[in-house]
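Engineer: The listed protein sequences correspond, in order, to chains A and B.
Going by my numbering, the first residue of the first sequence is number 14, and it counts up by one from there.
Going by my numbering, the first residue of the second sequence is number 209, and it counts up by one from there.
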Amino acid sequence: MRGLPVIAAEFRAIGTSCRVLVTDRAAAARAARIAQGALGALDQVASRFRADSELVRLRKDGLPQRISPLLSAVVAAGLRAARLTDGLVDPTVGGALIDWGYDRDLEEVRALGDRSAAGSCSAPDARGVPARASVPGWRSVRYDETLRLLAVPPGCTLDFGASAKAFAADQIAARIGAETGAGTLVDLGGDIATAGPTPPGGWRIGVQSATGDVLQTVLGTGQAFATSSTQLRTWSCAAVRRHHIIDPRSGAPAEVVWAQVTVAGSTALEANSASTAAIVLGREAPGWLVARALPALLLGVDGAWRHTSGWAGREAA
Amino acid sequence: MIPIVRRTRNLTMTGMAVGTLLTGGLVGQLALHQHNAAGTTVPTDRPSASTSAPAGSQEQSGSEAQSGSKGDDSFNQVPPVQSGGNGGGVDGTTRGS
C-alpha cells in the first residue's frame, strides 16, 4: 500500500534510538538496511567514546591528515553548524565536555556519580568554571573538503555529537528516499528528517518534553525538526547538575534558561544547529530565531512556553 | 577572473596533496596557507577557506542563489509549521536526547 506510513525499523544506535518510516511497505526492508548500515559506519568513524574510532585516532599536531569520506562529511556538517550560528555551536568543545566530566558514555558517567569525586571534573573556580575548561574555537580547525585534509591543532578535542546525529538523519532519509522513491521519515534521537513524498496531511510530529509528555503535535510538510534540551543529558560535577550543551564563549554548560527548544529547519542539521544555539543564547534566543525566520517552540525552565511566528500556537487540551 | 582563481586553487590543491604525500604534511601545510591567500573568491564576511569553508562552496553558492537558497552559511527558509491538533498518533517525536 502506498501513501500511509509504515514503520520500517526501530533500533538503537550511536547511543540513541532510531525509527524509520516509509510510505511504501515494499521499501521497508531496504530502508532498514540503509539506516542500520549508515549508523554502524557513523559510529565507527565519529564516536568520541570508541578508542578505535577514526575521530579518536586523529592526530592533533596541527598538520593536515587525510580522513575518510564519511568523517569528512561529518566534519563538513559540524563546521557548517558553526558557520550557521557564528560559532555558538562549535565542534571544538570536546575538551570542555571532558573537563566538565562528560568523558565517556553518559550511562557510565552517571554510574560513576559526582565527577569531581571521580577526579575527572576539574575543581571549579568561584564562577563555577573548571580550571582546565577551554574551547580552542572552530576557526582553529583547518579543513579542505575536496582533498579531505583535516588539521587539528594541539590540545583540541573535536566533538560532533549533535551535528553528526542531525547530519546522519538527513543523509539516511535522503538516501532511502532516493533509492526507494518512498516518502521517508527518519527520527534519530529526536532529530527528524524527511525525504520524498509526504503522506496525506503531512508527517505527524510530536514535540516531547523531558518528562515524556507530548507538548504539541505539528505537521511536517517538508521541514525537519530538532529539539535541544538542558534536562536530559545531565550528570553531576562538583555537586552541581550539569548538562551537555557547552557555551563556547565560556567553556561551561550554557546557562539554563530553557528546558528545551524545538526548531523547524530545511534540514535536521539546520534545525539542530538552531536549537542548540538557542540554548546557548538563553534569553537572547527568541530574537535570534525570529531574525532568522525560524519556526520554533521554546519551553522555559519555569514551565512557560513561547513560540515564534512561524510556529503554530498550542491548542488547549 | 574566475578561471584564474580556479586555476590557482587547483594548483594549490595539487600542491597540498603532493606536499602531504611527500612530507607527511609540512609542505601540505604551507600549501594550505597559500590556498588561504589565494582564496579571493571567499567573501570577507566568511571564514577563510583554509580554516573552515569547504572547498567548492563558491561553485555551490552560484547554483543555490539561482534556486532561491540563502547559501551555505545561512539558514534556509522553511514553511510555517501547522498544528496537528490534539489526539491521534505521531510518526516521529522530536525531543532532547
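Each residue gets a CB set at the ideal place from its N, CA and C atoms; glycine is no exception.
Quick caveat: nothing in here was measured; it's all calculated off a predicted structure.
A:Leu97 and B:Asp281: beta carbons closer than 8 angstroms?
Structural biologist: Yes; because the gap between Cβ atoms is below 8 angstroms, this pair is in contact.
Engineer: State yes or no: is the beta carbon of A:Ile47 nearer than 8 angstroms to at least one beta carbon in chain B?
Structural biologist: Not closer than 8 angstroms to any Cβ of chain B, the Cβ of A:Ile47 fails to qualify, so no.
Engineer: Suppose you measure from the CA of A:Ser60 to the CA of A:Val122; what does that come to, to the nearest Å?
Structural biologist: Whole-angstrom Cα-Cα distance: 16 angstroms.
Engineer: Is it buried or exposed, A:Asp2, if we count other Cβ atoms within 10 angstroms and call 16 or more buried?
Structural biologist: Any question about residue 2 of chain A goes unanswered here, given that chain A covers just 14 to 330.
Engineer: Closer than 7 angstroms by beta-carbon distance: list the chain B residues that pair up with A:Ala239, in chain order.
Structural biologist: The contacting residues are Thr302.
Engineer: Helix, strand or coil: which one does DSSP assign to A:Gly74?
Structural biologist: Residue identity check: residue 74 of chain A is Asp in the sequence provided, not Gly. A:Asp74 falls in the coil class under three-state DSSP.
Engineer: Count the other CB atoms, across all protein chains shown, that sit within 10 Å of the CB of A:Arg217; report buried if there are 16 or more and exposed otherwise.
Structural biologist: By the neighbour-count rule (16 or more Cβ atoms within 10 Å), A:Arg217 is buried.
Engineer: Flag A:Leu52 as yes if its beta-carbon sits less than 8 angstroms from any beta-carbon of chain B, otherwise no.
Structural biologist: No, no contact with chain B.
Engineer: State yes or no: is the beta carbon of A:Trp318 nearer than 8 angstroms to at least one beta carbon in chain B?
Structural biologist: Taking Cβ atoms only, chain B never reaches closer than 8 angstroms to A:Trp318, which makes this a no.
Engineer: If you measure from the beta carbon of A:Thr197 to each beta carbon in chain B, is any gap under 8 angstroms?
Structural biologist: It does not; no Cβ of chain B falls within 8 angstroms.
Engineer: For B:Gly296, would you say it is in contact with chain A, using Cβ-to-Cβ distances shorter than 8 angstroms as the test?
Structural biologist: Yes, B:Gly296 lies at the interface with chain A (some Cβ there is under 8 angstroms from its Cβ).
Engineer: Tell me whether the beta-carbon of A:Gly295 lies closer than 8 angstroms to the beta-carbon of A:Pro308.
Structural biologist: Result no, Cβ atoms of A:Gly295 and A:Pro308 do not sit closer than 8 angstroms.
Engineer: Tell me the DSSP bridge mates of A:His256?
Structural biologist: Per DSSP, A:Thr247.
Engineer: Does the region 38–57 of chain A come close enough to the region 176–192 of chain A to have 3 or more Cβ pairs within less than 8 angstroms?
Structural biologist: At 8 angstroms Cβ cutoff, the stretches touch.
Engineer: Using only CA atoms, which one of A:Val106, A:Val293, A:Asp260 and A:Ser279 lies nearest to A:Gln273?
Structural biologist: With distances taken between Cα atoms, A:Gln273 lies closest to A:Val293.
Engineer: Roughly how many whole angstroms lie between the Cα atoms of A:Leu342 and A:Ile205?
Structural biologist: Because residue 342 of chain A is not part of the residues shown, which for chain A are 14 to 330, the question remains open.
Engineer: Between A:Glu120 and chain D, is the shortest Cβ-Cβ distance under 8 angstroms, so that the two count as touching?
Structural biologist: Within the model displayed, chain D is absent; protein chains A and B are what it includes.
Engineer: Helix or strand or just coil, what does DSSP make of A:Thr170?
Structural biologist: The answer is coil: DSSP assigns A:Thr170 none of H, G, I, E or B.
Engineer: Between A:Arg25, A:Pro104, A:Gln57 and A:Ser279, which has its C-alpha nearest A:Gly150's C-alpha?
Structural biologist: The residue with the shortest Cα to Cα distance from A:Gly150 is A:Pro104.
Engineer: Determine the direct distance from the alpha carbon of A:Gly174 to that of A:Gly326, and round the result to whole angstroms.
Structural biologist: Each residue's Cα considered, the two are about 31 angstroms apart.
Engineer: Quick one: which chain B residues come within Cβ less than 8 angstroms of A:Gly203?
Structural biologist: By Cβ distance, chain B contributes Thr301, Thr302, Arg303, Gly304 and Ser305.
Engineer: Closest to A:Gln236 by C-alpha separation, out of A:Ala21, A:Ala109 and A:Thr197, would be which residue?
Structural biologist: Measuring from the Cα of A:Gln236, the nearest candidate turns out to be A:Thr197.
Engineer: How long is the line joining the alpha carbons of A:Gly194 and A:Thr243, rounded to whole angstroms?
Structural biologist: A:Gly194 and A:Thr243: Cα-Cα distance of roughly 37 angstroms.
Engineer: With distance defined between alpha-carbon atoms, name the residue in A:Ala54, A:Ala317, A:Thr321 and A:Leu312 nearest to A:Leu302.
Structural biologist: Comparing Cα-Cα distances from A:Leu302 to each of A:Ala54, A:Ala317, A:Thr321 and A:Leu312, the minimum goes to A:Thr321.
Engineer: What is the DSSP secondary structure of A:Ala21, counted as helix, strand or coil?
Structural biologist: In this structure, A:Ala21 counts as strand in the three-state DSSP scheme.
Engineer: Identify whether A:Leu84 lies in helix, strand or coil by the three-state DSSP scheme.
Structural biologist: DSSP places A:Leu84 in helix when its eight states are reduced to three.
Engineer: Is A:Ser263 helix, strand or coil when you go by DSSP?
Structural biologist: Coil at A:Ser263, not helix or strand.
Engineer: Please state whether DSSP places A:Leu119 in a helix, a strand or coil.
Structural biologist: Reduced to three states, the DSSP call for A:Leu119 is helix.
Engineer: Measuring only the C-alpha atoms, how far is B:Pro288 from A:Gly233?
Structural biologist: For B:Pro288 and A:Gly233, the distance between alpha carbons rounds to 10 angstroms.
Engineer: List the endpoints of the continuous alpha helix (DSSP H) containing A:Asp56.
Structural biologist: Counting along the chain, the alpha helix (DSSP H) containing A:Asp56 begins and ends at Ala41 to Ala59.
Engineer: Here's the rule I'm using: 16 or more other beta-carbon atoms within 10 Å means buried, otherwise exposed. How should A:Pro82 be labelled?
Structural biologist: Exposed, because fewer than 16 other Cβ atoms sit within 10 Å of the Cβ of A:Pro82.
Engineer: Grab me the residues of A:Arg319's own chain with a C-beta within less than 6 angstroms of its C-beta, minus the 5 sequence neighbours each way, in chain order.
Structural biologist: If we look at A:Arg319 and ignore the five residues flanking it on each side, its Cβ neighbours are Leu311.
Engineer: If I measure Cβ to Cβ from A:Leu245 and keep anything under 6 angstroms in the same chain, skipping five residues before and after, which residues do I get?
Structural biologist: Here the set comprises Ala223.
Engineer: Is there a Cβ of chain B sitting closer than 8 angstroms to that of A:Gln184, yes or no?
Structural biologist: No, A:Gln184 does not count as interfacial toward chain B.
Engineer: If you measure from the beta carbon of A:Trp216 to each beta carbon in chain B, is any gap under 8 angstroms?
Structural biologist: Yes, A:Trp216 counts as interfacial toward chain B.
Engineer: A:Trp113 by DSSP, collapsed to three states: which one?
Structural biologist: Three-state result, A:Trp113: coil.
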